[in-house]
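Asker: Before I ask anything, here is the structure I am working with.
Residue numbers (full-length UniProt numbering): 1 to 496.
Laid out in structure tokens, this is it:
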């Protein structure tokens, strides 16, 4: 399937949309203020060594010194040439015998600063590519533990052949990532070349730049577009910033030359995302309901544990019979669900509740279509063999980053994420119970209720008899004060 990539750049945010057949399939966003430091490589300077804590503080040019523990120090095995890192079967050499104050040392951030704590560091460098992770200080070639054991040996042997050895100009360790399981030899070779070139540049910077310098930063979204998202099916990569277009060309010529001819500078008068109404698609992707062309619709609910997708016929009435109506709705839903998973970047456990189908051939046709659409997803998905006993389709999709809703939204301050609030009448009765509780413990001259205008209006209208009855019962006046800044469930009872 042919695709176009649109890039909307601004100093505060970069947005990337992948469009296939005129419809947005994926959205990627990055904000500079929210980028972490994990993966960054620095040339640090040892500021202080603490033998009692078996740790050291390293100045890497940030506001606070970073923290290095002895367990994160890469070292050589005694009596041998092979390096080792974090060997659990041997006690690590004391940190004071490995580094000293004032020493320049190459380090990588493995944990971002939190609160008053500085970043946590490691001296073993690892560089992530699209398909592989490169360990330049190691010679080990491995495969991700998440790949099925039966396939690991063959993949390891294949990767070893591509990596080569020191005699053939190879060297360095590589680990095959889960998304590289089905990749071709050419794709793996391109990733190996990219990673080795990146490491050569890091080593060059380490002898040219002073201590406290940044040697390597994990790629930004624009660069990851060329590394991770561009493939043979990509027709064009259009970007609306002249400056970023030039930087992308420079990066592409050095690392991804095949992608450079596809780069185009967008000069149109309309915003680039207006070409395919992408902002409207983003707004729709943040809602629960997804309308289908036939008149049916999906309801998407994302929770902490899983995501549920319910298929409904809505206003769709088939031309022939009810079974065909359900079948056509489910077929369209299978395509829409696969697209929504990519568009919203939903991960983890996903349950799809298709409309019940009586005929076996209809069920198989829907499952086949669903698998076909999921096969277009660059993120690894795994689907159960068929419909469960309850008529559900169960699947998982690997979590690669935050979902679109988590990136753009936060829990509602009114409902605190529940999705609903108490009715004004329910809040009125809560207030009446609270006043009665307070009256039994305290003896004020007056009770004043401060609540939302809707609750106060209800007290002044339909609930006024109950309020007057309670006032007579406790023998104290009760006054009302509307506060527009309060949510419907919020109220205060002031004792005067």
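We put the beta carbon where it would ideally sit given N, CA and C, even for glycine.
Spatial neighbours of residue 308 within its chain, please: C-beta separation below 6 Å, excluding the five flanking residues on both sides.
Answerer: If the five residues before and after residue 308 are omitted, its C-beta is found closer than 6 Å to the C-beta atoms of 301 and 351, all from its own chain and listed in chain order.
Asker: Just grab the DSSP bridge partners of residue 348 for me.
Answerer: 397
Asker: When we look at the beta-carbon of residue 347 and count the other beta-carbons within 10 Å, is it buried (16 or more) or exposed?
Answerer: Buried.
Asker: Would you mind sorting residue 321 into buried or exposed? The rule is 16 or more other CB atoms within 10 Å of its CB.
Answerer: exposed
Asker: Answer yes or no: do residue 214 and residue 244 have a C-beta to C-beta separation smaller than 8 Å?
Answerer: no
Asker: Verify the CB distance criterion: does residue 187 have a CB-CB separation below 8 Å to chain C?
Answerer: In the structure shown, chain C cannot be found, because there is only a single protein chain.
Asker: Within 10 Å of its beta-carbon, does residue 328 have 16 or more other beta-carbons around it, so buried, or fewer, so exposed?
Answerer: With 16 or more Cβ atoms within 10 Å of its Cβ, residue 328 is classed as buried.
Asker: Residue 8 bridges to which residues according to DSSP?
Answerer: 15
Asker: Could you name the residues of the same chain whose beta carbon sits closer than 6 Å to that of residue 487, not counting the 5 residues immediately before and after it, in chain order?
Answerer: 414
Asker: Determine whether the beta carbon atoms of residue 191 and residue 131 lie at a separation below 8 Å.
Answerer: yes
Asker: For residue 194, does the three-state DSSP call read helix, strand or coil?
Answerer: Note: residue 194 maps to helix in three-state DSSP.
Asker: Leaving out the 5 sequence neighbours to the left and right, which residues in its chain are closer than 8 Å to residue 292 when beta-carbon positions are compared?
Answerer: 298, 314, 316, 329, 332, 333 and 336
Asker: Note down, one range per segment and in chain order, each beta strand (DSSP E) of at least 3 residues found wholly within the stretch 132-157.
Answerer: Here the runs fully enclosed are 132-135 and 141-143.
Asker: Which residues does DSSP list as the beta-bridge partners of residue 260?
Answerer: According to DSSP, residue 260 bridges with nothing at all.
Asker: Quickly, what does DSSP pair residue 177 with across the bridge? List them, please.
Answerer: In the DSSP output, where bridge partners are listed per residue, residue 177 has none listed.
Asker: Can you give the beta carbon distance from residue 126 to residue 135, rounded, assuming they're within the 8 Å contact cut?
Answerer: 5 Å
Asker: If you draw a straight line from the alpha carbon of residue 8 to that of residue 265, how long is it in whole angstroms?
Answerer: 11 Å
Asker: For residue 246 and residue 255, I'd like the C-alpha separation in whole angstroms.
Answerer: The alpha-carbon atoms of residue 246 and residue 255 are separated by roughly 14 Å.
Asker: Identify which residue in 20, 118 and 12 has its Cα closest to the Cα of residue 2.
Answerer: 20
Asker: Taking the alpha-carbon positions, what's the residue 202 to residue 108 distance?
Answerer: Put simply, the backbone Cα of residue 202 is about 12 Å away from that of residue 108.
Asker: Along the chain, where does the beta strand (DSSP E) containing residue 459 start, and where does it finish?
Answerer: No beta strand (DSSP E) holds residue 459; the alpha helix (DSSP H) holding it covers 453-460.
Asker: Measure the alpha-carbon distance for residue 85 versus residue 146 and round it to whole angstroms.
Answerer: Its pLDDT being 42, under 50, residue 85 is placed unreliably by the model, and the measurement read from it follows with that caveat. In a straight line, the C-alpha of residue 85 is about 22 Å away from that of residue 146.
Asker: Using a Cβ distance threshold of 8 Å, determine whether the stretch 42-62 contacts the stretch 88-106, with at least three qualifying pairs required.
Answerer: Touching, per the Cβ criterion.
Asker: Assuming residue 45 is part of the beta strand (DSSP E), what are its boundary residues?
Answerer: 41-50
Asker: Considering only DSSP beta bridges, list what residue 447 is partnered with.
Answerer: 478 and 495
Asker: Quick one, which of 288, 325 and 179 has its alpha-carbon nearest residue 516's?
Answerer: Given a span of 1 to 496 for the chain in the structure shown, any question on residue 516 remains unanswerable.
Asker: Taking the alpha-carbon of residue 10 as reference, which of 273, 283 and 477 has the nearest alpha-carbon?
Answerer: 273
Asker: Starting from residue 122, follow its DSSP beta bridges and name the residues at the other end.
Answerer: DSSP output for residue 122 lists 108 as bridge partner(s).
Asker: Residue 24 lies in the beta strand (DSSP E); which residues open and close that run?
Answerer: In the DSSP assignment, residue 24 falls within the unbroken beta strand (DSSP E) covering 23-30.
Asker: So, with DSSP's three-state summary, where would you put residue 77?
Answerer: Confidence is the limiting factor: at residue 77 the pLDDT is only 43, short of 50, which leaves the residue's position unreliable, though a coordinate-based value still follows. Of the three classes helix, strand and coil, the one that applies to residue 77 here is coil, per DSSP.
Asker: Using three-state DSSP, classify residue 214 as helix, strand or coil.
Answerer: strand
Asker: Between the C-alpha atoms of residue 234 and residue 378, what's the straight-line distance to the nearest angstrom?
Answerer: 13 Å
Asker: Considering residue 250, what are the terminal residues of the beta strand (DSSP E) in which it resides?
Answerer: Careful: residue 250 lies outside any beta strand (DSSP E), inside the alpha helix (DSSP H) at 242-255.
Asker: Measuring alpha carbon to alpha carbon, tell me which residue in 492, 137 and 200 is nearest residue 505.
Answerer: Outside the shown range of the chain, which is 1 to 496, sits residue 505, and nothing can be said about it.
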